[in-house]
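Q: Sequential numbering from 0 applies to the sequence shown in numbering that gives the first Met the number 0.
Before I ask anything, here is the structure I am working with.
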Amino acid sequence: MQRSRWIWLVWAVVLLSYLVPYTLLTHVQAWYGSFLFWTVAGLAVIALNLLITKDFEEHGND
């Protein structure tokens, strides 16, 4: 149950990665406005993926 919340949060970050640069940052002329946002969003997705997969176990072929 907790894992599905993290997955939905990843999708929210992905959606924001499309919406924010083309809405809130539209009038920012410098390239680093969107770049900074996408960098932070990318780091957030990496951190969320670590949280989602931390309990995964490897099942070997014994």
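Built from N, CA and C at the ideal position, the CB exists for glycine as well.
If you draw a straight line from the C-alpha of residue 46 to the C-alpha of residue 8, how long is it?
A: Cα to Cα, the separation comes out at about 11 angstroms.
Q: Which of the three DSSP states is assigned to residue 24 in this structure?
A: Coil at residue 24, not helix or strand.
Q: What are the boundary residues of the alpha helix (DSSP H) that residue 34 is part of?
A: Element bounds for residue 34: 31–52.
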